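2 protein chains.
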Amino acid sequence: MSRPENIDATVLPRIEPSEGSLTQRVHHVLKHAILSLDFPPGANLRKAPLCERLGVSRAPVADAIARLASEGLVDVVPQSGTRVSYFSMDEIREGVFLREALELATVAKVARDLTDDQRKQLSRNMRLQELLIEDDDIPGFYQADEDFHGLLMEFTGFRRLADVAQTVSLQVSRARILLLPTPGRIVETLAEHQTIFEAISNRDEHAAQNAMRAHLGQLMPRIEQLEQQKP
Amino acid sequence: MSRPENIDATVLPRIEPSEGSLTQRVHHVLKHAILSLDFPPGANLRKAPLCERLGVSRAPVADAIARLASEGLVDVVPQSGTRVSYFSMDEIREGVFLREALELATVAKVARDLTDDQRKQLSRNMRLQELLIEDDDIPGFYQADEDFHGLLMEFTGFRRLADVAQTVSLQVSRARILLLPTPGRIVETLAEHQTIFEAISNRDEHAAQNAMRAHLGQLMPRIEQLEQQKP
DNA sequence: ACTTGTCAACTAACATGTTAGAATGCTAAT
DNA sequence: ATTAGCATTCTAACATGTTAGTTGACAAGT
């Protein structure tokens, strides 16, 4: 066992491909590392190693860290250091609350204004989900799951919505990594998605909201159950 | 008439008091100037004058501008310039949508978990609102209005909620500046607040949500009506 | 053993120099 | 008169030097 505060491992995607500003790329790389728990909570980020590893100067790294701080993924102590933030049960609860608020409003609006083309896209996604479960492709299903929710938000016509939803539930995303994939849960998830899809297809706002509430309501208990072992 | 793109006026709060980091202070000052429309949409922010005016170097100004960009208040064109963002009707609609989603979830939770002390605080705020209307103190009422909504969010126990709500509806805040204070509207607002307050006091989630929906629903038509004259 | 004071090392925050790309105005050619 | 090329002059983005504050270790005193 080492100190409670460990240094960051230098296992980052190494190269920086050539697209977007340096700040954006650095931010993306660090964000991914934190969300995937490659950088564990409490690890302190030191600028110098990051600069050396990524082959950039301190300015873009500092900018990227500032953005991470505003997203709540790191805690920066002035004149001292920057640490990957812990995520408390309170923060997760807040993330779930915010996420649910947005998803419920989303699903209501989509059920109200659904176009034929949108219905077709959702239908295609649903069939993809079934297919991936038949093939036992867990990561694939996980992706299709996110796409499903992403499609709904896209259909509202509000551009920032998906970003906001993702930002407010970043801590939840981190916690979800720790959830082991429960076999039965996948099938349940599909069934819940189908219920949501059907309610939307019927343009039944109320039913769609209830279905979404039931769907999202499954998450919190599983995280709380996990809390018995982790900080 | 000058060019469609005007330079920023150097009428900023001049001095920088001594609290918080420079970046934070600069960010706060600029944000206020943008939200109050002292910096009109389309005006381009030039770093040099700002640095000179505020007596700081370019680094904190750059950081502050980066934060404003992530909030959507400015559009930064790489290697070219930074302009105060326009706010389109679409963005305002999105802000209202997001705001409503959060307020509805908030009011439901508060109605569910209200404590005696919280009820007392809300009651005090309601009486303050009545008082301020009697005294014809419009700015005072505006502040009490914001406090009312702020209290509700505070009572959820979620710390970031108020920040998120404010951030997602920044464009709405800017648009609201343009709304002339309609005399009758103030009294209506008070009545709507009272309806919300009563529903919460009765711990009636559903009624509280409906009352809040009705309250927030008043805003959008007034902004759309304003659109007939402005870009 | 435990506290307390000092100091050295490290950090983010800030200042400033450098670079590359975009916009604008000018000139020249059609 | 209109447009195409060119150069000047902006800008943000990036690199790097400087400063001041925090931390942690060690030593001295209790």
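Quick note, the sequences are listed as chains A and B, same order.
Per the working numbering, the first sequence starts with residue 411, numbered consecutively.
Per the working numbering, the second sequence starts with residue 411, numbered consecutively.
The beta-carbon is built from N, C-alpha and C at its ideal position, and this holds for glycine as well.
Note that the structure is a prediction, hence the values are computed from the model and not measured.
Rounded Cβ spacing between residue 571 of chain A and residue 516 of chain A (contact assumed at less than 8 Å): 7 Å
Within 8 Å, strictly: CB atoms of residue 497 of chain A and residue 632 of chain A: no
Alpha-carbon spacing of residue 475 of chain A relative to residue 438 of chain A, whole angstroms: 10 Å
Helix, strand or coil at residue 491 of chain A [DSSP, three-state]: strand
N- and C-terminal bounds of the alpha helix (DSSP H) containing residue 640 of chain B: Residue 640 of chain B -> no alpha helix (DSSP H), and no H or E assigned at all.
Three-state class that DSSP yields for residue 532 of chain B in the structure shown: helix
Any chain B beta carbon closer than 8 Å to residue 488 of chain A: yes
Integer-rounded CB distance, given that residue 453 of chain B should sit under 8 Å from residue 494 of chain B: 5 Å
C-beta contact flag for residue 518 of chain A and residue 618 of chain A at 8 Å: yes
DSSP-derived helix/strand/coil call for residue 520 of chain A: helix
Spatial neighbours of residue 635 of chain B in its chain, beta-carbon cut-off 6 Å, leaving aside the 5 residues before and after: none
Pick from A:461, A:597 and A:492 that is closest to residue 546 of chain A, judged by C-alpha positions: A:597
Touching by the beta-carbon criterion (3+ pairs, under 8 Å), the stretch 622-630 of chain A and the stretch 502-509 of chain A: yes
Reduced DSSP category for residue 484 of chain B - H, G, I as helix; E, B as strand; rest coil: strand
Any C-beta of chain B under 8 Å from that of residue 446 of chain A: no
Residue 592 of chain A burial status per 10 Å Cβ neighbour count (16 or more: buried): exposed
DSSP three-state assignment for residue 454 of chain A, whether helix, strand or coil: strand
Sub-8 Å separation of residue 528 of chain A and residue 568 of chain A beta-carbons: no
Supposed contact pair residue 535 of chain B and residue 558 of chain B - C-beta distance, whole angstroms, cut 8 Å: 5 Å
Min CB distance residue 476 of chain A to chain B below 8 Å: yes
For residue 611 of chain B, the first and last residue of its enclosing alpha helix (DSSP H): 593-611
Contacts of residue 515 of chain A in chain B (Cβ-Cβ under 9 Å): 507, 508, 510, 511, 512, 514 and 515
Chain-ordered chain A contacts of residue 568 of chain B [CB-CB under 7 Å]: 504 and 507
Closer than 8 Å at the beta carbon, the chain A residues around residue 483 of chain B: Result: empty, since nearest Cβ-Cβ is about 13 Å, beyond 8 Å.
Residue 455 of chain A at chain B interface by Cβ criterion, 8 Å: no
Residue 473 of chain B versus residue 469 of chain A - alpha carbon distance: 10 Å
Inter-residue Cα distance where the pair is residue 643 of chain B and residue 450 of chain A: Any question about residue 643 of chain B goes unanswered here, given that chain B covers just 411 to 641.
Top-ranked residue by Cα proximity to residue 456 of chain B, from B:430, B:489, B:509 and B:544: B:489
CA-to-CA distance, residue 506 of chain A to residue 459 of chain A, given in whole angstroms: 34 Å
Interface residues of chain A facing residue 480 of chain B [CB-CB closer than 7 Å]: 477 and 480
Residue environment, residue 616 of chain A, which counts as buried when at least 16 other CB atoms sit within 10 Å: exposed
Bounding residues of the alpha helix (DSSP H) (the contiguous stretch that carries residue 581 of chain A): 580-587
Between the CA atoms of residue 482 of chain A and residue 432 of chain B - distance to the nearest angstrom: 20 Å
Distance, residue 639 of chain B Cα to residue 588 of chain B Cα: 11 Å
Interface residues of chain A facing residue 578 of chain B [CB-CB closer than 8 Å]: 570 and 574
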